[in-house]
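Here the sequence shown is numbered in my numbering, starting from 937 and rising by one per residue. Glycine residues also receive a C-beta, built at the ideal position from the N, C-alpha and C atoms. Below is one structure, written out as structure tokens, with a few remarks after it.
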Amino acid sequence: MSQSATPAAHRGAWRNRWTFVLATAGSAIGLGNIWKFPYMTGANGGSAFVLVYLLCIALLGIPLMMCEIMLGRRAQRNPADAMAYLAREANASRQWRWVGLMGVLTGILILGFYSVIAGWVLDHIVRAANGAFHGIDGAGAKLQFEIFLAKPLELIFWHTLFLAVTMTVVSRGLNAGLEKASNIMMPSLFAIVLLMVGYSMAVGNFAESARFMFSPNFVLITPSVVLSALGHAFFTLSIGMGSVMVYGSYLGRHISIARTTLYIALTDTTIGLLVGLAIFSLVFANGLAPAAGPGLIFQTLPIAFGVMPAGDIMGMLFFILVAFAAWTSAISLVEPAIAWITENFSFTRKQATWVIGVTNWLLGAAVALSFNLWADIKLIAGLNLFDLLDKLTTNILLPAGGLAMALFAGYVMKTTHVAEELGLGPRTYALWRFAIRYVSPLAILSIFAYLFGWLS
Ligand code: TRP
């Protein structure tokens, strides 16, 4: 196709390979690892969830992440136009663009609750600084968090602050300052997570935690555990909605998609597992419930900071680093929407940012209320707004997006184009292709079959 690889002139591009790796790792590593993974593990029977989750990362997550980066890089366009463009290249229907459009929407819906949870993290920076964790025990930490959750205006305040900071960066576009900050913040996050593990080993029940997370218990693997693990594998790797596609679209040709993906998936998974080990050590040593739900980390980590030497500073530092990780993820959640708006309507980046910012402010404010005033307003299937957005995006929209991209790359695109773009050796390519054509679609479809049969 003659006009291939002539993206609109105003599109940004990564300055070098490292920027792309950092941005994509920044997208992947976030609240999914630190907040979501532990409470999902706790609510889904521990090791049963962890085992299926690891399988999902290896068998579906890694091949699909490669697939999504590949689609973005080949098309050099926002997700909706990327799908349309690649479909045309393969003489297929333009309607594939709906995959991209669904991704744009999914990103907005995820950010709807993401910014509220990130707001909790911001609040905890201040809380740590004020010495609120001194000598706190399990019951005290739980109570403190419940009191916080019951205050709608505070939740909305922190959500607003987080969203404002996110949108400010988004409106400026690809940003060198952010890249420099990532260079320091990400390794620091890793270091402080290690420290937390060490500390929880010392003060918590590490043996019980390791048993809870790793001793195989196949009886506990139920269809709903599999569904949650599959959904979380997508969530934590940022795949299925175009985040990594749009990052891939700013990427030049000289990079190994496979190596980058492996590296990111490994780091991402390691961080989740480490945080989980720390949290459950504290859970079991303090008589807390592993299945406490979305508040889990906020009800456990303060206990450790409360007894740790220099715990106030450590707590502050920890929550600052988590907030930073959440921020780099949030940016990637809106980028597909921003790229789509600016590349399709006569909106500047700044105007597009306002449109999305206001939409997400309203959505997030409603989500904040779903933790207190509106907690009992059940929308569908007995779920309140937070639960609904969380389940709908993680368990349905992301796997559906991943399924569509797998089918597209596996059956619609020309094999030569795919192979050329991925640049793998013949054996690795065959393996990847098998995963994309058979493993991912079958796994996702069987889970959906269960889910929809079960709902009706
Ligand atoms: N992966 C991020 C986290 O773990 C969240 C995230 C960013 C995301 N972009 C995404 C999740 C795209 C799903 C899809 O916190």
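So, G1008 versus V1182, is the Cβ gap smaller than 9 Å?
Counted from its first residue, the sequence shown places residue 1008 at position 72. Counted from its first residue, the sequence shown places residue 1182 at position 246. Their beta carbons are under 9 Å apart, which means G1008 touches V1182 by this criterion.
Flag N969 as yes when its Cβ comes closer than 8 Å to any non-hydrogen atom of the ligand TRP, and as no otherwise.
As a first step, residue 969 must be located in the sequence shown, where it is residue number 33. Yes, the ligand TRP has a heavy atom inside 8 Å of this Cβ.
Going by the C-beta, is I965 closer than 8 Å to any heavy atom of the ligand TRP?
In the sequence shown, counting from the first residue as 1, residue 965 sits at position 29. Yes, since a heavy atom of the ligand TRP falls inside the 8 Å radius drawn around the Cβ of I965.
Does the segment 997-1007 come into contact with the segment 1298-1311, if we say contact requires no fewer than three beta-carbon pairs (one atom in each stretch) closer than 8 Å?
no
Local Cβ density within 10 Å of P1015, reported as buried at 16 or more and exposed below that
Taking the sequence shown and counting its residues from 1, the one referred to as residue 1015 is at position 79. P1015 should be labelled buried.
Given 8 Å as the limit, tell me if A1266 has its C-beta closer than that to any heavy atom belonging to the ligand NAD.
The ligand NAD is absent from the structure shown, which contains only the ligand TRP.
Taking DSSP as the reference, what is the three-state secondary structure of L1319?
Working through the sequence shown from its first residue, we reach residue 1319 at position 383. In the structure shown, L1319 sits in a strand (DSSP, three-state: E or B).
Could you name each continuous alpha helix (DSSP H) segment of 4 residues or more that falls completely within the segment 1129-1181, going from the start of the chain to the end?
Fully enclosed alpha helix (DSSP H) runs of 4 or longer: 1142-1150 and 1159-1173.
Going along the chain, which residues of its own chain have a beta-carbon closer than 6 Å to the beta-carbon of E1144, five neighbours each way excluded?
Taking the sequence shown and counting its residues from 1, one reaches residue 1144 at position 208. Cβ neighbours of E1144 beyond the five flanking positions: F1220.
Output the boundary residues of the alpha helix (DSSP H) element that contains L1089.
The residue labelled residue 1089 in the question sits at position 153 within the sequence shown. For L1089, the enclosing alpha helix (DSSP H) covers residues P1088 to R1108.
Less than 8 Å separating the Cβ of M1122 from some heavy atom of the ligand TRP?
Indexing the sequence shown from 1 puts residue 1122 at position 186. Within 8 Å of the C-beta of M1122 there is not a single heavy atom belonging to the ligand TRP.
Relative to the C-alpha of I1072, which residue among W954, G1346 and D1248 is closest?
For this step, residue 1072 is matched to residue 136 along the sequence shown. Nearest option by C-alpha distance: D1248.
If M1252 sits next to I1128, beta carbons under 8 Å apart, how far is it from one beta carbon to the other, in whole angstroms?
Stepping through the sequence shown from its first residue, residue 1252 is reached at position 316. Stepping through the sequence shown from its first residue, residue 1128 is reached at position 192. About 11 Å separates the beta carbon of M1252 from that of I1128, a gap too long to meet the 8 Å contact definition.
On a Cα-Cα basis, can you pick out the residue from E1115, A1240 and L1163 that is closest to R953?
Numbered from 1 along the sequence shown, position 17 holds the residue referred to as residue 953. Minimum Cα distance to R953 is reached at E1115.
Between which two residues does the alpha helix (DSSP H) harbouring N1296 extend?
Start at 1 with the first residue of the sequence shown, and residue 1296 comes out as number 360. N1296 -> alpha helix (DSSP H) spans R1285 to L1305.
Between the Cα of F1384 and the Cα atoms of W1368, G1109, T1330 and S1265, which residue gives the shortest distance?
Counting from one through the sequence shown, the residue named residue 1384 turns up at place 448. The option with the nearest alpha carbon to F1384 is T1330.
Could you name the residues of the same chain whose beta carbon sits closer than 6 Å to that of F1322, not counting the 5 residues immediately before and after it, in chain order?
What you label residue 1322 is simply residue 386 of the sequence shown in a count that begins at 1. Closer than 6 Å at Cβ, skipping near neighbours: F1049, V1303 and S1306.
Nonlocal neighbours in the same chain, by C-beta distance under 7 Å from P999, ignoring five residues either side
For this step, residue 999 is matched to residue 63 along the sequence shown. These residues qualify, in order along the chain: W1368, A1371, I1372 and S1376.
Taking the alpha helix (DSSP H) that D1312 falls in, what are its first and last residues?
Along the sequence shown, read from residue 1 onward, the residue named residue 1312 stands at position 376. D1312 -> no alpha helix (DSSP H), and no H or E assigned at all.
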